[in-house]
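**Q**
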Amino acid sequence: MAATKQVSDRTRNIFILIFAVILCWFMYDRLSVISNSTVQNATILDCENSWTTQRTGSSMSSPTRDVVVSAPVAMTDDGQKAVGTVKVPEKRCDAMIGNAVKVYIHNTDPTKNRINSFLQFWFFPSIFAFLAFAVFFNSQRPALGFFTTLCFFGFCGYMVASELNYLDLGKKAASENMNAAPSELALDRCVKREMLDKGYQTRAEITKLVCQSAKITDLSSIHDLTNLTGMYLQDNNLESLESLGYYPSLKSISVAGNKMLTTLRGIENAPNLEEFQANKSGLIDLNGLEQLPNLRIIGAMMNNIQDISPLAKLDKLEDVVLNYNPISDISALTNKPALTALQVYSSKVSDITPLYTNTKLTKGGVTSDVGYPCEQIQQLKAQIDPASRFHVPDECK
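With the working numbering, letter number 260 in the sequence shown gets 871, and the count goes up by one each step, no holes.
(1) Grab me the residues of D1005's own chain with a C-beta within less than 8 Å of its C-beta, minus the 5 sequence neighbours each way, in chain order.
(2) Residues in the same chain with beta-carbon distance under 6 Å from I908, minus the five sequence neighbours each way, listed in chain order, please.
(3) If you measure between the beta carbons of G841 and S863, is that distance less than 8 Å?
(4) Could you give the first and the last residue of the continuous alpha helix (DSSP H) run that contains K803?
(5) Does the count of Cβ pairs from the stretch 640–659 and the stretch 794–805 closer than 8 Å reach three?
(6) Pull up the distance between the alpha-carbon of Q954 and that of T978, whole angstroms please.
(7) Going by C-alpha distance, which of K974, R621, I627 and A952 is nearest A740?
(8) Report all residues from its chain with a CB closer than 8 Å to the CB of R641; omit the five preceding and five following residues, and keep chain order.
(9) Can you list the alpha helix (DSSP H) stretches of 4 or more residues lying completely in the stretch 625–668, in chain order?
(10) Would you check if the stretch 750–767 and the stretch 710–723 touch, i.e. whether three or more CB-CB distances between them fall below 8 Å?
(11) Quick one: Cα of M770 to Cα of L742, how far?
(12) Taking the alpha carbon of V960 as the point to measure from, which residue in N969, T968, G976 and L972 has its own alpha carbon closest?
(13) Is K723 helix, strand or coil by DSSP?
(14) What number of angstroms, rounded off, separates the C-alpha of Y983 from the C-alpha of K992?
(15) Cβ of G899 less than 8 Å from any chain E Cβ?
(16) May I ask you to list the residues that DSSP assigns as paired with Y715?
(17) Check this for me: beta carbons of A815 and L855, under 8 Å apart or not?
(18) Using the three-state DSSP reduction, which class does D705 fall into: helix, strand or coil?
(19) Is the stretch 827–834 touching the stretch 804–812 in the sense that three or more CB pairs, one from each, lie closer than 8 Å?
(20) Pick helix, strand or coil for G975, following the three-state DSSP scheme.
(21) Quick check on K992: does DSSP put it in helix, strand or coil?
(22) Would you call F630 buried or exposed, if buried means 16 or more other Cβ atoms sit within 10 Å of its Cβ?
(23) Taking the alpha helix (DSSP H) that P753 belongs to, which residues open and close that run?
(24) Is any heavy atom in the ligand GTP found nearer than 7 Å to the beta carbon of N915?
(25) Within the continuous beta strand (DSSP E) that includes M686, where are the two ends?
(26) Where DSSP assigns a beta bridge to R1000, which residues make up the other side?
(27) Could you please give the first and the last residue of the uninterrupted beta strand (DSSP E) stretch that includes L820?
(28) How long is the line joining the alpha carbons of K870 and A889, rounded to whole angstroms?
(29) Just the Cα atoms here: how many angstroms apart are R752 and H717?
(30) Note the first and the last residue of the continuous beta strand (DSSP E) segment covering Y956.
(31) Considering only the alpha carbon of each residue, which of F747, T873, T649 and L820 lies closest to R621?
(32) State yes or no: is the C-beta of N946 within less than 8 Å of the C-beta of N914?
(33) For P948, is the classification buried or exposed, using 16 other Cβ atoms within 10 angstroms of its Cβ as the cut-off for buried?
(34) Measure from the alpha carbon of L730 to the alpha carbon of each residue in K713, A745 and T719, then state which is nearest.
(35) Roughly how many whole angstroms lie between the Cα atoms of A923 and V694?
(36) With C-beta atoms as the reference, is L839 less than 8 Å away from S865?
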């Protein structure tokens, strides 16, 4: 009996020693980071994805599958980046974007920057500290060991759940720590993500901004991005473009999916715009586009547009898509020497003779709920390239 107890004590002590050594290594690493770094505020802006293999069951013989795991990427206001060392499920990492965090910025080596959170910095030291104490307490005082285990796992569960936004505390903390409107916060995250992706040091370097599905209602916080050539703001909550700053270099903008966007007031602040996309928005007219003489491409299908007269002065149009709008008059599309593609499907057009002057048309079509004379489509087909793919309504075939 004594021999068995002696073996048991020796095994316990070996485990305690192993856990203590691992704990010492983790603590040395963490203290080294802390002593050689400064703490700064940051925001999680992105996730670095990678593939890993995961078993579909609990047994070793269970089949495996490839899954995506992600490491959160945090960025400070001055552009310093810290990548998480603990990877989490892709969806949970996406939910963390926007969280306010503290980061350790290493004094000399940016690869040693660390996110200072429980999961990313203290989780593993805590685990091995717990294991060392748990082995000791469970052998000496089982009741105390059981209580300690419950408390530890409860604490860890709460900390991890809150960090992964299961409890929705991270984003709340982010918004409380930043005195800004929701639109400004969302745009700021998109700006920082672009800087992070491209390695830019200043906001002025940004030439393309992508900020989709972020509930943006106002654009005034990005007036300083005067070098933008592309702005992609799909599926937000814009009601107009009056908050659009002056962007002399802007060539392409997309506000597709902004269901509350009914007017283009403000679009004149992008005088050199060449491509405008607003499919599936709430537009009722195209007023403002007449002030964009360089416009080549327009996508505005599935709106509520009736009047397209602002397009009359745009001589450089090449590709126009206006499907599923209650348009009845397309005379504004006459005399477009560069127009090669035109789609006005499911309209209320009853006369397509204004298109006769557009001899470079090569693809597209016009269909109407009210119909138009078949002679008109035949005349148009006779005036354009025979190899063109311009749609002929079924009733005229």
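The beta-carbon is built from N, C-alpha and C at its ideal position, and this holds for glycine as well.
**A** So, from the listed chains and residues:
(1) Cβ neighbours of D1005 beyond the five flanking positions: none.
(2) E886 and D930, listed in sequence order.
(3) Closer than 8 Å, so yes.
(4) In the DSSP assignment, K803 falls within the alpha helix (DSSP H) that extends over P793 to K809.
(5) For the pair of segments examined, the stretch 640–659 was found to touch the stretch 794–805: the number of CB pairs separated by less than 8 Å reaches three.
(6) So the alpha carbons of these two residues sit roughly 9 Å apart.
(7) Here the closest residue by C-alpha is I627.
(8) Excluding residues within five positions, the ones whose Cβ falls inside 8 Å are F732, W733 and P736.
(9) Those alpha helix (DSSP H) runs which fall completely within the stretch 625–668 and span 4+ residues do not exist here.
(10) Touching, no, given that fewer than three Cβ pairs across the two stretches are closer than 8 Å.
(11) Those two C-alpha atoms are separated by around 18 Å.
(12) When each option's Cα is compared against that of V960, the closest is G976.
(13) When DSSP states are grouped into helix, strand and coil, K723 belongs to the helix group.
(14) The alpha-carbon atoms of Y983 and K992 are separated by roughly 15 Å.
(15) In summary, chain E is missing from the structure at hand, where a single protein chain is found.
(16) In the DSSP assignment, Y715 forms a beta bridge with V650 and R725.
(17) Not a contact, by the Cβ cut-off of 8 Å.
(18) The answer is helix: DSSP assigns D705 an H, G or I state.
(19) Result no; under three Cβ-Cβ pairs closer than 8 Å.
(20) In this structure, DSSP gives G975 an extended state, which the three-state scheme calls strand.
(21) Looking at K992 - three-state DSSP - the assignment turns out to be helix.
(22) Label assigned to F630: buried.
(23) For P753, the enclosing alpha helix (DSSP H) begins and ends at P753 to E774.
(24) You won't find the ligand GTP in this model; it holds no ligand whatsoever.
(25) Taken as a continuous stretch (DSSP letters only), the beta strand (DSSP E) holding M686 covers T675 to T687.
(26) The partner list for R1000 (beta bridge, DSSP) reads K974.
(27) Per DSSP, L820 belongs to the beta strand (DSSP E) from K819 to V821.
(28) Using only the alpha carbons, I get a separation of about 10 Å.
(29) R752 and H717 have their C-alpha atoms spaced approximately 43 Å apart.
(30) From DSSP, the beta strand (DSSP E) with Y956 extends over A952 to S958.
(31) R621 has its Cα closest to that of F747, out of F747, T873, T649 and L820.
(32) Inclusion of N946 and N914 in the CB contact set at 8 Å is not warranted, their separation being larger than that value.
(33) Exposed.
(34) Ranking the options by Cα distance to L730, first place goes to K713.
(35) Going by the C-alpha atoms only, they are around 52 Å apart.
(36) No; because the gap between Cβ atoms is not below 8 Å, this pair is not in contact.
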